[in-house]
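Residue numbers (the numbering used here): 126 to 543.
We treat Cβ as the ideally placed atom computed from N, Cα and C, and that holds for glycine.
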RNA sequence: GUGGGCGUAGCUCAGCUGGUUAGAGCACCUGGUUGUGGCCCAGGAGGCCGUGGGUUCAAGUCCCAUCGCUCACCCCA
């Protein structure tokens, strides 16, 4: 086969597109009910936006972005994450002047050139929310609870909320040195990648999966011990509100996120139903991002969740099923009938019914089989006989009963069936 | 970028230690009388056995390479 979809991309085929649509519409509903408004930003941005926002040393920026120079010499990048783009728009459009708090959500496709595996694609879909403007812990708690509730209401079982605070940037600077001081004497026990990170980004060593490293880290000093007074008060309040909301969480002092902009609260929701890529959702507070992208200092919190992983983790039985709508199948027989058929079909469709016809000019037998396969409950049959009498046959497929109806009373007849 | 597993019909897979015209189930199409579905029955279509090379009298089967898929490392949603 000559052409196939690019590695790490996939087609959403008709048999699953409904599932996507249902999940998306549920998310739209839930988020607007919570007072969040949708924002859509372009699929590509200036490369520098992500370098500055996400961090030049992060893996995402340093080796996973789809970037190119366009014909005008501009360095562009397909969005590898949404937050930087939303914040750029927030600043550019002065959303702060409309309200001191902007509650935004998004649904869209992102691009990262990673090696594909279960739950990880090069073009993938995320939804997420950003609350820009509040520094208070109840905002953190709300964000976390929205994420948690959406996932559990979608019927995903075995979800766990992991929570941590990585403190303010000053706290982190202090802790960073303490961690380095702890790891240096154990340098030989570190993996290659951790050795490399020791200077560039030692905190990332904390969420290693390497068993011997994990053991070593059990004795490592925890970041939560070094939080400033204010960090700690904030963190305690977040936990208290989550308790008030009855949202179970696990404190995970090794939870350090990969994007550089996070401050204080970080969290992640994982599911055992996934493979190695078990994070359904991740997020946290980013109090410095707006400023570092050129806006006024504005505290913010948000999260992002991956659609592919949600669909993987969703119980098929808990699928949000579409209400059974009555389908009508129009059977036309013979050439003389076509133009009348098209006309009646249009009228019925305009009246709001679900109706389709056979564009292959197949036999009545085939058309009835097709109607049956599609799960139609009614067929309307129009052949030469009916043309002479200016009527159609309306057949109920479950009972097999069939009655004729004159052209001008088809819609009243259909209405009487309800 | 590194490693493991796997590539036979649209889908899920058989094909024993290399040996005749490559099979099944599901799906698809047609028919079971002249214009009536589901069930059933009969028939049909559909395969460069991923690709290229090698070993052999003989390769879907063995070897090498290559491409693709997949899982894991890594990273993250």
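If you draw a straight line from the alpha carbon of residue 419 to that of residue 219, how long is it in whole angstroms?
If you number the first chain from 1, residue 419 lands on position 294. If you number the first chain from 1, residue 219 lands on position 94. Approximately 12 angstroms, taken between the alpha carbons.
By Cβ distance, which residues of its chain are closer than 8 angstroms to residue 227, with the 5 residues on each side in sequence left out?
Counting from 1 along the first chain, the entry for residue 227 is found at position 102. Result list for residue 227: 215, 220, 221, 255, 256, 257 and 258, in chain order.
Run through DSSP, which three-state label would residue 401 get?
The count along the first chain starts at 1 and reaches residue 401 at position 276. Looking at residue 401 - three-state DSSP - the assignment turns out to be coil, as it is neither helix nor strand.
If distances are taken between C-alpha atoms only, which option among 203, 432, 373 and 476 comes closest to residue 253?
Within the first chain, the letter at position 128 stands for residue 253. Among 203, 432, 373 and 476, the Cα nearest to that of residue 253 is on 432.
Under 8 angstroms between the Cβ atoms of residue 383 and residue 185?
For this step, residue 383 is matched to residue 258 along the first chain. For this step, residue 185 is matched to residue 60 along the first chain. Yes, they are a contact pair.
Pick from 188, 392, 471 and 232: whose alpha carbon is nearest that of residue 157?
Residue 157 sits at position 32 when you count from the first residue of the first chain. The shortest Cα separation from residue 157 among 188, 392, 471 and 232 belongs to 232.
Hey, residue 517 and residue 530: beta-carbon distance below 8 angstroms or not?
Along the first chain, one-based indexing puts residue 517 at 392. Along the first chain, one-based indexing puts residue 530 at 405. Cβ atoms of residue 517 and residue 530: closer than 8 angstroms.
Drop a sphere of 10 angstroms on the beta-carbon of residue 403, count the other beta-carbons inside from all chains shown, and report buried for 16 or more, exposed for fewer.
As a position in the first chain, residue 403 is number 278, starting the count at 1. Classification for residue 403: buried.
What is the rounded straight-line gap between the Cα of residue 177 and the Cα of residue 311?
Here residue 177 refers to the residue found at position 52 when the first chain is read from its first residue. Here residue 311 refers to the residue found at position 186 when the first chain is read from its first residue. Distance between the alpha carbons of residue 177 and residue 311: 33 angstroms.
To the nearest angstrom, how far is the alpha carbon of residue 424 from that of residue 241?
In the first chain, the residue the question calls residue 424 occupies position 299. In the first chain, the residue the question calls residue 241 occupies position 116. Residue 424 and residue 241: Cα-Cα distance of roughly 34 angstroms.
With a cut-off of 8 angstroms, do at least 3 Cβ pairs link the region 358-373 to the region 275-293?
Yes: the two stretches touch, three or more of their Cβ pairs being nearer than 8 angstroms.
Does the contact criterion of 3 or more C-beta pairs under 8 angstroms hold for the region 298-318 versus the region 398-415?
Not touching, per the Cβ criterion.
Should residue 229 be labelled buried (16 or more other beta-carbon atoms within 10 Å of its own) or exposed?
The sequence position of residue 229 within the first chain is 104, counting from 1. Under this definition residue 229 is a buried residue.
Could you give the residue range of the beta strand (DSSP E) that holds residue 251?
The residue you call residue 251 lines up with position 126 of the first chain. First-last of the beta strand (DSSP E) with residue 251: 248-257.
At which residues does the alpha helix (DSSP H) containing residue 299 begin and terminate?
Translated into positions along the first chain, residue 299 becomes position 174. Taken as a continuous stretch (DSSP letters only), the alpha helix (DSSP H) holding residue 299 covers 294-308.
On a CA-only basis, which of 197, 179 and 389 is nearest residue 260? Give me that one, please.
In the first chain, the residue the question calls residue 260 occupies position 135. Selected option, being the one with the closest Cα: 389.
Kindly indicate the opening and closing residues of the beta strand (DSSP E) around residue 231.
Locating residue 231 in the first chain gives position 106, counting from the first residue. Taken as a continuous stretch (DSSP letters only), the beta strand (DSSP E) holding residue 231 covers 227-236.
Specify the secondary structure class of residue 209 as computed by DSSP and reduced to three states.
For this step, residue 209 is matched to residue 84 along the first chain. The answer is helix: DSSP assigns residue 209 an H, G or I state.
Check this for me: beta carbons of residue 453 and residue 506, under 8 angstroms apart or not?
Looking up residue 453 in the first chain gives position 328. Looking up residue 506 in the first chain gives position 381. Not in contact: residue 453 and residue 506 (Cβ atoms no closer than 8 angstroms).
Within this structure, are the beta carbons of residue 480 and residue 456 separated by less than 8 angstroms?
To locate residue 480, count along the first chain from 1; it is residue 355. To locate residue 456, count along the first chain from 1; it is residue 331. Contact: no.
At which residue ranges does the region 478-520 contain complete alpha helix (DSSP H) runs of 4 or more residues, listed in the order of the chain?
Segments of the alpha helix (DSSP H) lying fully in the region 478-520: 489-499 and 509-514.
Beta-carbon separation of residue 263 and residue 366 under 8 angstroms?
The residue labelled residue 263 in the question sits at position 138 within the first chain. The residue labelled residue 366 in the question sits at position 241 within the first chain. Yes.
Can you tell me where the beta strand (DSSP E) holding residue 181 begins and where it ends?
Position 56 of the first chain, counted from the first residue, corresponds to residue 181. Counting along the chain, residue 181 falls outside any beta strand (DSSP E), and DSSP gives it neither H nor E.
Here's the rule I'm using: 16 or more other beta-carbon atoms within 10 Å means buried, otherwise exposed. How should residue 202 be labelled?
On the first chain, position 77 is the one that residue 202 refers to. Result: buried.
May I ask you to report which of helix, strand or coil DSSP gives residue 141?
Taking the first residue of the first chain as 1, we reach residue 141 at position 16. Helix at residue 141.
Taking 8 angstroms as the threshold (C-beta atoms), are residue 248 and residue 429 in contact?
If you number the first chain from 1, residue 429 lands on position 304. If you number the first chain from 1, residue 248 lands on position 123. Their beta carbons are not under 8 angstroms apart, which means residue 429 does not touch residue 248 by this criterion.
Determine which residues share a DSSP beta bridge with residue 528 and list them.
Indexing the first chain from 1 puts residue 528 at position 403. Answer by DSSP bridge pairing, in chain order: 519.
Compute the Euclidean distance between the alpha carbons of residue 351 and residue 266, then round it to the nearest angstrom.
Taking the first residue of the first chain as 1, we reach residue 351 at position 226. Taking the first residue of the first chain as 1, we reach residue 266 at position 141. Near 22 angstroms, if we compare the C-alpha coordinates of residue 266 and residue 351.
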